[in-house]
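In what follows, a single structure is set out as structure tokens and then discussed.
Residue numbers (my numbering), protein chains in the order written: chain V, 1 to 192; chain Y, 1001 to 1285; chain X, 2001 to 2736.
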């Protein structure tokens, strides 16, 4: 009996120990220490209430399918409207949000999206190099799980509709991550 | 990053050449400017305005020496060496033309501006560059007072307010900041281009190739008087030029095997160890 | 550029670029704190091509329109905006290099003082109008029912070439007109005329890179010349290896003069004497044979012995001897004549004398060689001068025209005041259409209809360089971005619309100028997409043929003028050029290469002259010709003849936007009514003036400030070695 009672306790103890000592078990991205810090972002009304959750969570679309520039440029980019229409000229065309999108498309205009994640002008941040470090050159990391790396700085966007800023994206946030992951600490790497 | 961190870790790239120490540079960007080819046309200077978001200050502020010309063409009328040798006379009319000198931050390895900065806004990078971090700068102006070349420019006003009336602001280069009042600025060797080249090289898992990018001044120069590159790359054009003209980094006086070789560094006797070598202008006499 | 089917024009339209109102991150005002979310908008593309990546610059090839040289450029475009112009390395004009004016093209494009809407003059005032109104007015005045007789219509333009020139001609044909006046203040019209007579071709190829010695009579080939970037690249070759010697004889030091090994201050108008004096020295001292020249020319040369030459020209004898020595010992050499020599009342004779010197030196065929011409003469550059300005002013006075179209020129600013051109145009020409990008003097003061043009970075076109190079090319001009303003239009589109009114049979088929151009390229069996990508269509050129033939020259005696003792030199500068760049802030703030003055006019003066007048740098003086007076500040320096006062062109605008208007003075207004008899070109450098102290003084605003940056004070800033040392140590093995 006593053994039976002890087993779950030991298991719990081991779990706690593992959690404390090895970040790998709770940070699912290998060879990476996720940055720490929270930000209580306010809601940003967008011209179309884009549901990230439907795309990234329910339909499991890879972040980089739409934000395709992230691996090729310093900016991830808002996908071109043509990309949206690639699917939505046939999918869910009866939904009001899609009808609104179609209106923009037919007017030959892009929706005036509001920027949610931004850094000051004197900061040079490049998506492609961060993806190279944490995804493409990262042994044991699958491209399919890229959203976990995106989440370092953007939070669990796949659980949101329109994106909300949940990380502070200030210098302390960046520098702590650079220190933990052995990133460069030369000022001119990031300041321009 | 704390000031302590900067002083302890990044001053290692600063070379007071009397000291030994740790100098594991990633690159050592350097330049050679051939005054035999320079015609003083000003293309480099305007190219610099275009690339680096340099503000226009207008006539009144220009008269107060507030011009922001990171790359400026100085023009002299005298030729001390030739006059001393009695080879030219500068009398009532000029016998020869002018002497042009493109002047930009010399990216000194033992820069006089760096140690006086109270907040480490200017420091030496692992690329051998003399960096100016705008958001760190508090505008004490100690650095410009200490620069023997007078190549640092201070934003006494919010020049951007007048400099780019709409839609001129749409020309601004998004690869670098627009500086505001209270900040010191100077030539960066087009660090935004260096950064892109390094990023591209890194993405392709290779080294930066000599000549794959140019500084803005170099690119515009009609006579190819400006050569820029990495002096740690033994095959780069700039390295070869320095070697040919027998100028070495880390010296306050060059010991040339052939004293007729034209390389020299401006005011190098001040022990600033600049990364720009000039090639002497040539005159037929 | 990419393989897909979207063509370049549509691509621009679907960029999702919606004009100047869009906030663009990172290109705006400085932000110094972490931005709050939702503050800025982010523009996404509507449907970009594969190679367009946000955050990465894309380069499009086009042609620089800042001066007539026609350099190829690559425009850096990011997020739908053009950010910077770089040289196109494939262009035989500029080999990837670009001068300050070319760099500043983006500030012309984004200029805050663009003309953005059509304007119609009503009751003396220009009133904003719609394009419908503008085109209706055009139809009424020049349409088929206007009753406009062909010979009552004229074009007045700056240099045009390529298919724009074809359209200009087509419009004249459709009207039955034959008058197209081409006006450029900075020109080499006299040299072209001399070349035509003495070589058989107007624009041979000058091999500055092949010459071992160059003697320039006011030819500012490094500065305000015909192709400054091209000749600067050749100059770099000239100065390496066996390093050539550069000698310059001119009344006021130009940028080329500032690079000379030997600079000679010559009395204006006596350059021809100096050329023949040097020829004489070559014969007497160096035993050069001139048997191939006609007897009368040989005879003339003997008139100018050393003393006579020195006395007339004001150049010291020892300098003439030195120059002759270098020309003799260093072959091949090259003698060039430029504006200060040829824009005199006997400019043709002077330029011919310099060509005679080339013949004495045996340079024809060695450094003056046949160039390559485009096999399509209809696309060739229509080069301008000031003879057409004179002819136009005269015709206008006689009431010859009812309708005139102005394009790429600003005669209300550049015409000397004696012509009273603006007044005459107002009273004698019923309908003046000005096609322009900017509210310049011609638009504001004389136009009845102003049509706002796209900037060169928004428009289509083709260009053919006027000078000859190694290869014959048609240089493309294509939009780098969507037009900034929805109410500007392309030059070709407007002309095509007028053509459609008159000749719809031939031109009705073209939807716009783009359609016209792409079809024209099809006719050349050229690969349109590839041409757009490289920016250049290289074609098999036709070699010119040179037949040297000496002509007799006659040089008048130099005359003093007691009332107006000084010569006015209205010098052109690489920068503001003939005044067309005075509205570009970068070029206003870029110091003059010689005086280092910014944002204003100045008068250059020799120290001896300044002493005589009792003035020093910064003092105001009045400069008076028989046509008027200007007042400006003095810059005293040695690089000028004591009998000369030089006031650079470019400033003194009455209109032309915030950066130009009301700044400095315009020396062109002082020009006296004199011209070269042979070519009809204005004697721009032949005006005599008197100078007086104005009695006030102010610091002259220039780089380095008063008294500084003139002398090295013994510091080793610009070190110098002699050419002998250079040739010994580097010789032909220059590593740079």
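We treat Cβ as the ideally placed atom computed from N, Cα and C, and that holds for glycine.
The closest CA to that of residue 2367 of chain X, considering only X:2316, X:2383, X:2469 and X:2093, is found on X:2469. With distances taken between CA atoms, residue 2208 of chain X lies nearest to X:2240 out of X:2240, X:2685, X:2160 and X:2557. Residues of chain Y with a Cβ closer than 9 Å to the Cβ of residue 191 of chain V are, in chain order, 1131, 1133, 1134, 1135, 1136 and 1177. Taken atom to atom, the span from the alpha-carbon of residue 2389 of chain X to that of residue 2186 of chain X is near 13 Å.
Bounds of the alpha helix (DSSP H) holding residue 2328 of chain X are 2317 to 2329.
According to the DSSP assignment, residue 2414 of chain X belongs to the alpha helix (DSSP H) that extends over 2411 to 2414. Minimum Cα-Cα distance from residue 44 of chain V among the listed residues V:56, V:172, V:112 and V:120 corresponds to V:112.
Every beta strand (DSSP E) stretch that sits fully inside the region 2614 to 2648 of chain X and reaches 3 residues is listed by chain position as 2619 to 2625, 2628 to 2636 and 2644 to 2646.
What residue 114 of chain V touches in chain X, judged by beta-carbon distance under 9 Å, is 2037, 2038, 2039, 2040, 2041 and 2042, going in chain order. Interface annotation, residue 2060 of chain X: not in contact with chain Y, CB-CB separation never under 8 Å.
Closer than 8 Å at the C-beta level to chain X, one finds these residues of the region 1027 to 1054 of chain Y: 1032, 1034, 1035, 1036, 1037, 1039, 1040, 1041, 1042, 1043, 1045, 1046, 1047, 1049, 1050 and 1051.
Its chain contains 2057, 2058, 2059, 2082, 2083, 2084, 2085 and 2086 as the residues whose beta carbon lies nearer than 8 Å to that of residue 2076 of chain X, once the 5 sequence neighbours on both sides are disregarded; these appear in chain order. When only Cα atoms are considered, residue 2237 of chain X and residue 2442 of chain X end up about 42 Å apart. Burial is judged here by how many other beta carbons sit within 10 angstroms of a residue's own beta carbon; residue 2089 of chain X has fewer than 16 and is exposed.
Only buried fits residue 1110 of chain Y, as 16 or more other CB atoms lie within 10 angstroms of its CB. The beta-carbon of residue 2055 of chain X is placed less than 8 Å from the nearest beta-carbon of chain V. For residue 97 of chain V, the CB contacts under 7 Å within the same chain, skipping 5 residues up- and downstream, are 48 and 49 in chain order. The alpha carbon of residue 1218 of chain Y has as its nearest neighbour, out of X:2451, X:2494, X:2609 and X:2099, the alpha carbon of X:2099.
Under the DSSP assignment, residue 2347 of chain X falls outside any beta strand (DSSP E), being part of the alpha helix (DSSP H) whose first and last residues are 2347 to 2361. At a cut-off of 8 Å between beta carbons, residue 1221 of chain Y contacts chain X. Put simply, of X:2512, X:2725, X:2539 and X:2515 the residue whose alpha carbon is nearest the alpha carbon of residue 2525 of chain X is X:2539. Here residue 1213 of chain Y is buried, its C-beta having at least 16 other C-beta atoms within 10 Å.
Rounded to the nearest angstrom, the gap between the Cα atoms of residue 2657 of chain X and residue 2113 of chain X is 5 Å. Per DSSP, residue 2231 of chain X is one residue of the alpha helix (DSSP H) stretching across 2228 to 2239.
Judged by beta-carbon spacing, residue 2429 of chain X lies within the 8 Å limit of residue 2396 of chain X, meaning their Cβ atoms are closer than that value.
Annotation: residue 78 of chain V to residue 151 of chain V spans about 17 Å, alpha carbon to alpha carbon. Residue 1182 of chain Y is outside the set of residues whose beta carbon lies under 8 Å from a beta carbon in chain X. Spatial neighbours of residue 175 of chain V in its own chain (CB-CB distance under 8 Å, excluding positions within 5 residues in sequence) are listed in chain order as 185. Counting along the chain, the unbroken alpha helix (DSSP H) around residue 2726 of chain X starts and ends at 2723 to 2729. Residue 1277 of chain Y has its alpha-carbon roughly 24 Å from the corresponding atom of residue 1096 of chain Y. Between residue 2326 of chain X and the set X:2246, X:2339 and X:2259, the nearest pair of CA atoms involves X:2246. Counting only residues of its own chain and dropping the five nearest sequence neighbours on each side, residue 1101 of chain Y has a CB closer than 6 Å to the CB of 1074. Runs of the beta strand (DSSP E) lying entirely within the region 2160 to 2217 of chain X, each at least 3 residues long, are 2179 to 2182 and 2213 to 2217 in chain order. A direct Cα-Cα distance of roughly 7 Å separates residue 118 of chain V from residue 2037 of chain X. Apart from sequence neighbours up to five positions away, the residues of its chain that approach residue 2726 of chain X with a beta-carbon distance below 7 Å are 2243, ordered along the chain. Between residue 2499 of chain X and residue 2171 of chain X the beta-carbon gap is near 6 Å, inside 8 Å, which marks them as a contact.
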